[in-house]
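Visitor: The first sequence lines up with residues 1 to 232 when you count with this note's numbering.
All residues carry an ideal CB built from backbone N, CA and C; glycine is no exception.
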Amino acid sequence: MRIQLPHAWPADAAEAVAIQDRLRPLADHTGPGPAAPALLAGLDVAYAGDGGTDDLLAAAVVVLDARTLEVVEQATAVGRATFPYVPGLFAFRELPVLIEALKSLEHTPDVMLCDGQGFAHPRRFGLACHLGVLTGLPTAGVAKTPFTGGYDPAALGTRRGASADLTDGGERVGRALRTQDGVKPVYVSTGHAIDLDTACRLTLAAAPAYRLPQTTRLADRLSRDALKAATG
DNA sequence: GCGACAG
DNA sequence: ATCTTGTCGC
């Protein structure tokens, strides 16, 4: 797919925050998004380093048949970090190499599931929102741990499909979603061009057997393999 | 002021 | 994210 990283890239945290504030209004959180997507994409990045600016990064994108969850296409890209890891500015670290991997994709996914937050972010503009705005494609964030916001554990059922609102400052920012019976929930939030119900429904459909959706699992494995191949 | 903090 | 053995449980 053809996409381009913005020419201007932040030199520091203040500039990065300014960019998030400027792009935030462009994210659509009402959807409805793809009701029956044919292609799901999963993205992840593996690192070799301490979280600093010279870490080696390996990005991976997997495109799955939404119905069978079989791999249709996959791509990787390796590069150096352009930004240190800063909570809340996570996207500036991973986006460049993720975009590179996406460029070599022949298929255009109907929705992309990101490893991290979307709207459930201190400035309501997590990685999934950023990637959605840059690509124009529907995106959702599926994080392994919560970031901004909290939920009432007592309100979260123990069975697969159970969920509880993630709220932050009285605002609903996402949902804690149980993808397997008795397993820790994942934290879903909207990225762009999708609504929370659809994001949760697709996440659940992509996670028929394990806690994490197959998109995330395969992208995670592919990114590690790519990093290992680049490192030796 | 202090602690917490997606990956 | 990454560093990592054994171990509890189905």
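Could you please give the first and the last residue of the uninterrupted alpha helix (DSSP H) stretch that includes H235?
Guide: Here the chain comprises residues numbered 1 to 232, so residue 235 is not present and cannot be evaluated.
Visitor: Given that a residue counts as buried once 16 or more other Cβ atoms are within 10 Å of its Cβ, and exposed if not, what is S223?
Guide: buried
Visitor: Would the beta-carbon of H240 fall within 8 Å of that of L202?
Guide: Residue numbering for the chain in the displayed model covers 1 to 232; residue 240 lies beyond these limits and cannot be assessed.
Visitor: By the three-class DSSP mapping on this structure, what secondary structure does T53 have?
Guide: coil
Visitor: Which first and last residues belong to the beta strand (DSSP E) in which A75 is found?
Guide: In the DSSP annotation of this structure, the continuous segment of the beta strand (DSSP E) that includes A75 starts and ends at V71 to R80.
Visitor: What three-state label does DSSP hand T215 in the structure shown?
Guide: helix
Visitor: Does DSSP put T108 in a helix, in a strand, or in coil?
Guide: coil
Visitor: Whose CA, out of A35, P213, L57 and R124, lies closest to the CA of E70?
Guide: P213
Visitor: Is R201 helix, strand or coil by DSSP?
Guide: helix
Visitor: Between which two residues does the beta strand (DSSP E) containing D44 stretch?
Guide: L39 to A48
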